[in-house]
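Visitor:
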Amino acid sequence: MAATEQLGSIVDSTGLAGRTAGSELVAAYRPGSFFLASRAGTLLAHGVAHRAPDAADPAEAVRAVLAAARPGSVVVGALPFAPGAPASLVVPEAVHHGPPPVVTPNPVPRPRRRPLAMRAVPGQQVYADGVRAALELMRGTELAKVVLARALEVTSGEPVNLAELLGSLIELDPVGYTFAVDTGQGTLVGSSPELLVSRKGGTVFANPLAGTLPRDRDPVVDGQRATRLLGSAKDRLEHGLVAEAVAEGLRPFVRKLEVSEPELLPTTALWHLSTRITGELTDPDVSSVDLARALHPTPAVCGTPVASARAAIADIESFDRGFYTGAVGWCDEHGDGEWVVAIRCGLVDANTVRLFAGAGIVPGSRPADEVAETSAKFRPLLTALGFAHEELDGGAR
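Its first residue numbered 1, the sequence shown is counted upward by one per residue in full-length UniProt numbering.
#1: Who are the Cβ neighbours of A384 in its own chain at under 7 Å, not counting the five residues just before and after it?
#2: In its own chain, which residues sit with a C-beta less than 7 Å from the C-beta of L162, not counting the 5 before and 5 after it?
#3: Run through DSSP, which three-state label would G184 get?
#4: From the DSSP output, in three-state form, read off A163 for me.
#5: Could you name the residues that DSSP lists as bridge partners for M118?
#6: What's the C-alpha gap between P115 and A357?
#7: Does the separation of the CB atoms of L257 and T278 fall below 9 Å?
#8: Using the C-alpha atoms, what's the distance from G47 back to V76?
#9: When the cut-off is 9 Å and only beta carbons count, does L66 lie next to chain D?
#10: Helix, strand or coil for H239, going by three-state DSSP, please let me know.
#11: So is S365 buried or exposed if we call it buried at 16+ other beta carbons inside 10 Å?
#12: Hey, is the stretch 330 to 338 in contact with the stretch 296 to 307, meaning 3+ C-beta pairs nearer than 8 Å?
#13: According to the neighbour-count rule (16 or more other Cβ atoms, all chains shown, within 10 Å of its Cβ), is T282 buried or exposed?
#14: Compare the C-alpha of H97 against each of L43, S23, P86, L89 and name the closest.
#15: One question on the structure: do L381 and R344 come within less than 9 Å of each other, judged by their Cβ atoms?
#16: Taking just the CA atoms, how far does S156 sit from P53?
#17: Under the rule that 16 or more other beta-carbon atoms within 10 Å means buried, what is V65, buried or exposed?
#18: From V246 to R276, what does the alpha carbon distance come to, in whole angstroms?
Okay, structure coming up:
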């Protein structure tokens with residue numbers, strides 16, 4: 001089977017003729033496949049032709065596995081948060097490309113159901129105590145920002161249908177980066193608002209986000225929150241640390257670096273501060289994975305300085321992030337590719353999902369606000385799963 005197939009072969013085999021091409025790829029997803037839908041298009045990959053070797057430098061591993069693969073191959077997968085942890089990168093047996101999925105206008109609402117169990121790791125009070133500990137660290141060290149995460153373990157009465165979950169996530173946020181990748185320990189599924197980096201020919205693009213407020217159903221209140229976020233000194237400080245780090249990370253690789261002013265980026269659940277960064281590569285041999293490795297982790301998911309933030313995370317957080325706050329994406333033999341920050345996601349294993357959410361802690365952060373922010377970040381995935389999430393304000397403490 002060719003490395004890159006025309007859409008028709010998969011449409012014929014799954015009986016999905018008549019739908020839009022991007023939506024067909026959503027429906028054709030199978031457990032173990034790789035899926036990424038972005039504003040640039042949709043990619044679905046099946047099977048494993050080659051597995052990238054474990055290596056300290058994932059870019060070198062990608063180059064090595066592509067050199068051994070047939071012409072026209074791509075590498076897909078995920079990079080972990082922790083340095084030295086193994087990546088999950090493969091050359092698939094078949095790759096299918098399509099346009100971005102088309103969202104059905106006025107989709108039929110899915111019935112809400114309560115999960116069998118829901119457990120926060122850590123609970124809200126312990127997380128708030130962690131925020132206070134991080135703020136205390138900032139008073140006596142060089143630590144300027146640290147991103148603290150928490151998890152929410154949810155158990156359903158039946159196995160999660162991953163194709164349905166992907167479709168629900170796309171309906172909830174059509175402009176997000178919706179993904180599914182088999183990590184070997186479960187399937188990481190999510191809809192990230194944040195592009196880490198893309199490379200197309202000589203053009204490099206990054207879109208760092210930091211600074212967040214929950215949205216509101218009341219349009220007046222929602223607009224007030226957007227205005228407050230754009231003018232918030234605390235959030236602009238947090239955002240500036242991230243945007244500056246991404247720009248500096250790209251600077252050695254590009255010329256004509258252009259950095260926009262911060263602007264608002266809305267998702268269905270949250271307002272974000274967003275900066276668009278573009279440049280032209282000086283060396284055509286620098287791949288999208290090279291760029292992703294140079295930028296990862298940004299202060300948006302770790303903090304600054306990175307070494308101090310990592311130490312604080314290791315000391316305060318009570319779980320292993322795995323691929324959460326890593327990167328998910330693809331790279332072809334020419335070095336082109338797209339890598340998104342692995343946030344707003346959960347690790348699915350049969351009927352259990354471990355959801356992740358984090359918040360950036362800087363001087364001026366308030367523990368109660370950071371608890372509320374992480375709770376808001378859980379809600380889109382809970383909604384896509386069909387779960388009621390009122391427990392976040394009560395039972396999941």
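Quick reminder that beta carbons are idealized off the backbone N, C-alpha and C, glycines included.
Guide: If we stick to the structure as given:
#1: What you label residue 384 is simply residue 384 of the sequence shown in a count that begins at 1. The beta carbon of A384 lies closer than 7 Å to those of L165, S168, L169, L172 in the same chain, with the five residues before and after it left out.
#2: One-based indexing of the sequence shown puts residue 162 at position 162. Cβ within range, chain order: Y29, P31, A180, T187, V189, V348.
#3: Against the sequence shown, residue 184 aligns to sequence position 184. Reduced to three states, the DSSP call for G184 is coil.
#4: Locating residue 163 in the sequence shown gives position 163, where the first residue counts as 1. Residue state, collapsed to three classes: helix.
#5: On the sequence shown, position 118 is the one that residue 118 refers to. For M118, the pairing in a beta bridge is given by DSSP as V154.
#6: As a first step, residue 115 is located in the sequence shown; it is residue number 115 there, counting from the start. As a first step, residue 357 is located in the sequence shown; it is residue number 357 there, counting from the start. When rounded, the distance between both Cα atoms is 19 Å.
#7: Working through the sequence shown from its first residue, we reach residue 257 at position 257. Working through the sequence shown from its first residue, we reach residue 278 at position 278. Closer than 9 Å, so yes.
#8: Position 76 of the sequence shown holds residue 76. Position 47 of the sequence shown holds residue 47. Each residue's alpha carbon lies about 11 Å from the other.
#9: No chain D appears in this structure, which consists of one protein chain only.
#10: In the sequence shown, counting from the first residue as 1, residue 239 sits at position 239. Here H239 carries a helix assignment [DSSP, helix/strand/coil].
#11: Locating residue 365 in the sequence shown gives position 365, counting from the first residue. Classification for S365: buried.
#12: These segments do not touch.
#13: Position 282 of the sequence shown, counting from 1, holds the residue named residue 282. Exposed is the label assigned to T282, since fewer than 16 other Cβ atoms lie within 10 Å of its Cβ.
#14: To locate residue 97, count along the sequence shown from 1; it is residue 97. Selected option, being the one with the closest Cα: L43.
#15: Translated into the one-based positions of the sequence shown, residue 381 becomes position 381. Translated into the one-based positions of the sequence shown, residue 344 becomes position 344. Contact: yes.
#16: Mapped onto the sequence shown, residue 53 falls at position 53. Mapped onto the sequence shown, residue 156 falls at position 156. Taken atom to atom, the span from the alpha-carbon of P53 to that of S156 is near 35 Å.
#17: On the sequence shown, position 65 is the one that residue 65 refers to. Counting Cβ neighbours within 10 Å, V65 comes out buried, since at least 16 surround it.
#18: Locating residue 246 in the sequence shown gives position 246, counting from the first residue. Locating residue 276 in the sequence shown gives position 276, counting from the first residue. Whole-angstrom Cα-Cα distance: 10 Å.
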